[in-house]
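**Student:**
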Amino acid sequence: MINQKKLDRVLKKVERPARYIGMEENSVTKDLEKVKVKFAFSFPDIYDVGMSHLGLHILYNLINEEENLLCERVFAPWTDMEAEMRHEDLPLFTLESKEEVKNFDFLGFTLQYEMSYTNILNILDLSKIPLLSKDRTDEYPFVIAGGPCAYNPEPIADFIDFFVIGEGEEVTLEILKLYKEHKEGQWDREEFLKSVAQIQGVYVPKFYDVIYNEDGTIKERISLIEGIPSTIDKRMIKDLDSMFSPEKMIVPFIETVHDRVSMEIFRGCTHGCRFCQAGMIYRPIREKSVDKIVELADKLVKNTGYENISLSSLSSCDYSELYILITKLMEKFEEKKVGVSLPSLRLDSFSIDILKEIEKVRKSGLTFAPEAGSQRLRDVINKGITEEDLINTVNYVFKEGWSTIKLYFMVGLPTETDEDVMGIKDLAYKVKDMFFDLPKDERKGNLKVTASASCFVPKPFTPFQWVGQESMDEFYRKIYLVKNSIKDNKVTFNYHDPKLSYLEAIIARGDRRISKLILRAWEKGCKFDGWSEYFKYDTWIETLKELNIDGDFYALRNRSLEENLPWDFINPGVSKDYLMREYKRSLEEQTTPDCRQQCRGCGIKGCTMTGGGDN
Amino acid sequence: MILRVTFNKKNYLRYIGHLDLMRVFHRSFNRADIPIKYSEGFNPHPKFSIAHPLSLGIESEEEYMDVDLEYIPAEEFVEKMNSVLPRDIQIIKAVYLEKEESIASLIAWAFYEINFDISEDRTKEEAEDIINTWLSKEEIMITKLKKKGKKKIERQENIKNLIGNLILKEINDNNIIIETLLKSGDNGNLKPINLMEALNRDTTLNIDMDSIAIKRLGLYAEKDKNIYKPL
Ligand code: SF4
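Just so you know, the sequences run in chain order X and P.
Following my numbering from start to finish, the first sequence increments by one per residue and tops out at 1031.
Following my numbering from start to finish, the second sequence increments by one per residue and tops out at 247.
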């Protein structure tokens, strides 16, 4: 355990000390001496963000239910805490036992977004664990990582001992149990890595090398030791009902981003939006049954005391028995004043009946994501939403008394023209007009339309993985085109920083050479890059120059379909051939129907979707 | 019915703030299935109030709360709540009120234990001497910052009458424990940290301000110069 006196001195000086104390309802403390394998789970951002991540609650409970295993949490300390810790020479510790992270067997990171990678280095440094995998000797924990960004593990390959690709529920226990066997036998770090590399979904970067062409593209990947897999197949849970689902959630003391029961109702997505990485890597769609969800919701509410349940998935309105589910949940919880919310509504499958059910308890704000301003561009990205969908829905919600509406868009999508971009304004204005076209006595509240635009970042394992990102100048030009054209105080236009998106694009499609960039940027003080007040764009650019890395090579370059991509050795289930077909269809402005209507033969195994198909 | 409740808040839980504590109770009422009453309106709140919230970082042996609920036996309330509350926040006592005088308006004094380090070893006599000389001064001034719109205005205040008593309980080399009764409520209020700042500024004790650990031992009401516990 760390020095408690020091900790007290520190806690007295920082903002929101409750971020660092643990002790929350449903957190688990075990006897560190007695458990065989100690796992420290880390979300590389502050507590407030990390505690809102559903995956944490799943893994935490999953591991802690095993008698011999233990999982504790560690987050990135906020900058005030970091300064005090460095001042007192207090090493980073887990919230439960206040034990040094360094004394655990594993330190596992979840990779939710690329701009948290410098925080990983900061966490390692504060834990006094060597930053580079090659410098870690027997006494240090294994630093491992999973989550969506692990599908391209290469940019942080130097720091991570091994990655876990895909869904973690089963594989985590396999790894920890294998570790326990090794620990009880003749302990050898290298031997363990060799045997863990045999588990499906595990990738040990140091067992491979990459050879580059003169132009900087990848020539080939080679295995450095015998008997290790040349492609890494993702892990996938077959049946969600029989899979482990937590019946408890840790209830934070302080207000976090999502302060409520979060329940997963299905995994995967059937729409096939071409920009969406989650929609590809989480295939196929798998639903939890209504009965199972209701049963779990009941337990979670009882065990947490929360007054809100949010149903989470990539697009909640697609749940096949949503109406039955919502009705059952409302029946159960209405009296107890427990609210139910669906955070990810899509316009197309939007059901008015469902909205009516939900609003019995609480009215939440409404957000819609048309993503692109014009129908042409929505076809390119395969966002199966029409303007009519939007109009019908918005008409209804205005009549029902909503007056605050958010619309999400992207700029810089492939093939985008100025006309498409101006569609953002047109759509926002149409929504506004619809409000004022209502007879006066039917309008309720004060209209506020917010259109936000993020800058498109092409991601691995999407049909747009070959596409070059728009240049920064173009992003700014387009953003200002829209911004300057909006002259109505009922309509607000927000946009994301193109500078951040540029770096995101470099890292997201980076190869092993990007590890050096991240390391150097961190050494120069970069951390919390996802927080606009800490993002140091100039430092990043300076670092690129210093290391002679061409950022545009990664972000802006169009790849040929023949090029070896850094992440090609990962098998996400969806075939590269399918992604290529989808890419070509996008350029022809051809839409691809939802899996529920027709299977497109994306290559995923074990898909039970019955749409039939032409492939 | 109004149930008056005393509870403690210890160890690391001294680092959760007042609003966080309200949330802990709200969710604990839910978990324990306490028939709490709710306010009317769009966003119903459970009806309970905590008297004289602690500042962040202060432990307490005895806090007060009034809860509006449908009748359940007080013992049942205590038992159910303690089974769902965190280990370091526990209900000590609960009694239904006969006449409803709000707890917030009753509290007049707070009794604290303050533990701190000083820079050099002192004997008990030396330390007591320093403290008593300080306490016997005509005026003990503190500077209070008041926000007026955007401007911050400094105001001097004599806190002499806000100190009920102050005794040195223990001294071990350079560690001191004092106990002090301070005015606390609508008719005058002194925060223990302000007392310590003044003590450090006016005397030669040389207090390590980062080492100060404060614990509230109790809250008191006052009637006709008599100080008594509100429960
Ligand atoms: S196999 Fe067919 S139905 Fe299943 S996810 Fe792929 S395209 Fe959709």
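By construction, the Cβ of each residue, glycine as well, lies at the ideal position given by its N, Cα and C atoms.
Confirm the yes/no value for this check: CB of residue 1020 of chain X, any heavy atom of the ligand SF4, distance under 7 Å.
**Tutor:** Here residue 1020 of chain X refers to the residue found at position 604 when the first sequence is read from its first residue. For the ligand SF4, at least one heavy atom lies less than 7 Å from the Cβ of residue 1020 of chain X.
**Student:** Going by DSSP in three states, residue 127 of chain P sits in which element: helix, strand or coil?
**Tutor:** For the purposes of this step, residue 127 of chain P is taken as the residue at position 111 of the second sequence. Strand.
**Student:** For residue 169 of chain P, report the span of its beta strand (DSSP E) as first-last.
**Tutor:** As a first step, residue 169 of chain P must be located in the second sequence, where it is residue number 153. Unbroken beta strand (DSSP E) run through residue 169 of chain P: 167 to 174.
**Student:** Mind checking who residue 19 of chain P pairs with in its DSSP beta bridge?
**Tutor:** In the second sequence, counting from the first residue as 1, residue 19 of chain P sits at position 3. Its beta-bridge partners are P/83 and P/112.
**Student:** Could you work out which residues of chain P lie near residue 720 of chain X, taking near to mean beta carbons separated by less than 9 Å?
**Tutor:** Along the first sequence, read from residue 1 onward, the residue named residue 720 of chain X stands at position 304. Result: 43, 46 and 47.
**Student:** From residue 1029 of chain X to residue 1019 of chain X, what distance separates their C-alpha atoms?
**Tutor:** The residue labelled residue 1029 of chain X in the question sits at position 613 within the first sequence. The residue labelled residue 1019 of chain X in the question sits at position 603 within the first sequence. Any reading at residue 1029 of chain X is ruled out, since the residue's pLDDT is 43, under 50, leaving its predicted position unreliable.
**Student:** Contact check, residue 558 of chain X vs residue 522 of chain X under 8 Å by CB: the rounded distance?
**Tutor:** Here residue 558 of chain X refers to the residue found at position 142 when the first sequence is read from its first residue. Here residue 522 of chain X refers to the residue found at position 106 when the first sequence is read from its first residue. Contact flag correct, Cβ pair sits at about 5 Å.
**Student:** Quick one: what does DSSP say residue 618 of chain X is sitting in, helix, strand or coil?
**Tutor:** The count along the first sequence starts at 1 and reaches residue 618 of chain X at position 202. Residue 618 of chain X: strand per DSSP, three-state reduction.
**Student:** According to DSSP, is residue 786 of chain X part of a helix, a strand, or is it coil?
**Tutor:** Walking along the first sequence from the start, residue 786 of chain X turns up at place 370. It is a strand residue.
**Student:** For residue 1025 of chain X, is the beta carbon positioned less than 7 Å from some heavy atom of the ligand SF4?
**Tutor:** As a first step, residue 1025 of chain X is located in the first sequence; it is residue number 609 there, counting from the start. Yes.
**Student:** Chain X partners of residue 40 of chain P, CB-CB under 7 Å?
**Tutor:** What you label residue 40 of chain P is simply residue 24 of the second sequence in a count that begins at 1. Those within 7 Å of residue 40 of chain P in chain X are 669.
**Student:** By DSSP's criteria, residue 953 of chain X is part of a beta bridge. Which residues make up the other side?
**Tutor:** Residue numbering aside, residue 953 of chain X sits at position 537 when the first sequence is read from its first letter. Assignment of beta-bridge partners to residue 953 of chain X by DSSP yields no partner.
**Student:** Can you grab the Cα-Cα spacing for the pair residue 939 of chain X / residue 710 of chain X, in whole Å?
**Tutor:** Numbered from 1 along the first sequence, position 523 holds the residue referred to as residue 939 of chain X. Numbered from 1 along the first sequence, position 294 holds the residue referred to as residue 710 of chain X. Residue 939 of chain X and residue 710 of chain X: Cα-Cα distance of roughly 49 Å.
**Student:** Between residue 686 of chain X and the ligand SF4, is the CB less than 7 Å from at least one heavy atom?
**Tutor:** Counting from one through the first sequence, the residue named residue 686 of chain X turns up at place 270. Because some heavy atom of the ligand SF4 lies under 7 Å away, the Cβ of residue 686 of chain X counts as near it: yes.
**Student:** Using a beta-carbon distance below 8 Å, is residue 57 of chain P in contact with chain X?
**Tutor:** For this step, residue 57 of chain P is matched to residue 41 along the second sequence. Not an interface residue.
**Student:** If you run the structure through DSSP and keep just helix, strand and coil, what is residue 418 of chain X?
**Tutor:** As a first step, residue 418 of chain X must be located in the first sequence, where it is residue number 2. The answer is coil: DSSP assigns residue 418 of chain X none of H, G, I, E or B.
**Student:** Taking 7 Å as the cut-off, does the CB of residue 699 of chain X come closer than this to any heavy atom belonging to the ligand SF4?
**Tutor:** To locate residue 699 of chain X, count along the first sequence from 1; it is residue 283. Checking the Cβ of residue 699 of chain X against the ligand SF4 gives yes.
**Student:** Tell me which residues of the stretch 113 to 140 of chain P have at least one Cβ-Cβ distance to chain X shorter than 9 Å, keeping chain order.
**Tutor:** none
**Student:** Would you say the stretch 912 to 924 of chain X touches the stretch 722 to 731 of chain X, given that touching needs at least three Cβ pairs under 8 Å?
**Tutor:** no
**Student:** Round the Cβ separation of residue 986 of chain X and residue 581 of chain X to the nearest angstrom and send it over; I've been treating them as touching at under 8 Å.
**Tutor:** Mapped onto the first sequence, residue 986 of chain X falls at position 570. Mapped onto the first sequence, residue 581 of chain X falls at position 165. The pair is a contact, with the Cβ atoms about 6 Å apart (cut-off 8 Å).
**Student:** Is it buried or exposed, residue 503 of chain X, if we count other Cβ atoms within 10 angstroms and call 16 or more buried?
**Tutor:** Position 87 of the first sequence holds residue 503 of chain X. So residue 503 of chain X counts as exposed.
**Student:** Between residue 1017 of chain X and the ligand SF4, is the CB less than 7 Å from at least one heavy atom?
**Tutor:** Indexing the first sequence from 1 puts residue 1017 of chain X at position 601. Yes - the ligand SF4 has a heavy atom lying nearer than 7 Å to the Cβ of residue 1017 of chain X.
**Student:** I'd like to know whether the C-beta of residue 102 of chain P is nearer than 8 Å to at least one C-beta of chain X.
**Tutor:** As a working mapping, residue 102 of chain P is identified with position 86 in the second sequence. Yes, its Cβ sits closer than 8 Å to a Cβ of chain X.
**Student:** Rounded C-beta distance between residue 211 of chain P and residue 196 of chain P? I'm assuming under 8 Å.
**Tutor:** To locate residue 211 of chain P, count along the second sequence from 1; it is residue 195. To locate residue 196 of chain P, count along the second sequence from 1; it is residue 180. Indeed, because the Cβ distance is near 7 Å, the residues count as touching under 8 Å.
**Student:** Quick check for students: name the residue ranges of the alpha helix (DSSP H) that lie wholly in the stretch 796 to 860 of chain X, counting only runs of 4 or more.
**Tutor:** 803 to 815 and 834 to 853
**Student:** Closer than 8 Å by beta-carbon distance: list the chain X residues that pair up with residue 60 of chain P, in chain order.
**Tutor:** Translated into positions along the second sequence, residue 60 of chain P becomes position 44. Within 8 Å Cβ-Cβ: 753.
**Student:** At a cut of 8 Å, does the stretch 106 to 120 of chain P reach the stretch 82 to 93 of chain P through at least three beta carbon pairs?
**Tutor:** yes
**Student:** Where do the N-terminal and C-terminal ends of the beta strand (DSSP E) with residue 238 of chain P fall, by residue?
**Tutor:** Translated into positions along the second sequence, residue 238 of chain P becomes position 222. That run of the beta strand (DSSP E) goes 223 to 239.
**Student:** Would you mind giving the Cβ-Cβ distance between residue 843 of chain X and residue 793 of chain X, rounded to the nearest angstrom? I have them listed as a contact below 8 Å.
**Tutor:** Here residue 843 of chain X refers to the residue found at position 427 when the first sequence is read from its first residue. Here residue 793 of chain X refers to the residue found at position 377 when the first sequence is read from its first residue. Not quite, the Cβ-Cβ distance comes to about 11 Å (not below 8 Å), so this is no contact.
**Student:** For residue 149 of chain P, count neighbouring C-beta atoms within 10 Å of its own C-beta (all shown protein chains included) and say buried if the count is 16 or more, exposed if not.
**Tutor:** Here residue 149 of chain P corresponds to residue number 133 of the second sequence, with the count starting at 1. That one is exposed.
**Student:** Hey, is residue 244 of chain P's beta-carbon within less than 8 Å of any beta-carbon in chain X?
**Tutor:** Residue mapping note: residue 244 of chain P aligns to position 228 of the second sequence, counting from 1. Not one chain X Cβ lies under 8 Å of residue 244 of chain P.
**Student:** Is any heavy atom of the ligand SF4 found at a distance shorter than 7 Å from the C-beta of residue 689 of chain X?
**Tutor:** Along the first sequence, read from residue 1 onward, the residue named residue 689 of chain X stands at position 273. Residue 689 of chain X: no, Cβ never under 7 Å from the ligand SF4.
**Student:** Work out the CA separation of residue 605 of chain X and residue 554 of chain X for me, nearest whole Å.
**Tutor:** In the first sequence, counting from the first residue as 1, residue 554 of chain X sits at position 138. In the first sequence, counting from the first residue as 1, residue 605 of chain X sits at position 189. Looking at the two C-alpha atoms, the distance is approximately 6 Å.
**Student:** Less than 7 Å between the CB of residue 942 of chain X and some heavy atom of the ligand SF4, yes or no?
**Tutor:** The residue labelled residue 942 of chain X in the question sits at position 526 within the first sequence. No.
**Student:** Taking 7 Å as the cut-off, is the C-beta of residue 692 of chain X nearer than that to any heavy atom in the ligand SF4?
**Tutor:** As a first step, residue 692 of chain X must be located in the first sequence, where it is residue number 276. The answer is no for residue 692 of chain X.
**Student:** So what's residue 133 of chain P in DSSP terms, helix, strand or just coil?
**Tutor:** As a position in the second sequence, residue 133 of chain P is number 117, starting the count at 1. In the displayed model, residue 133 of chain P falls within a strand according to three-state DSSP.
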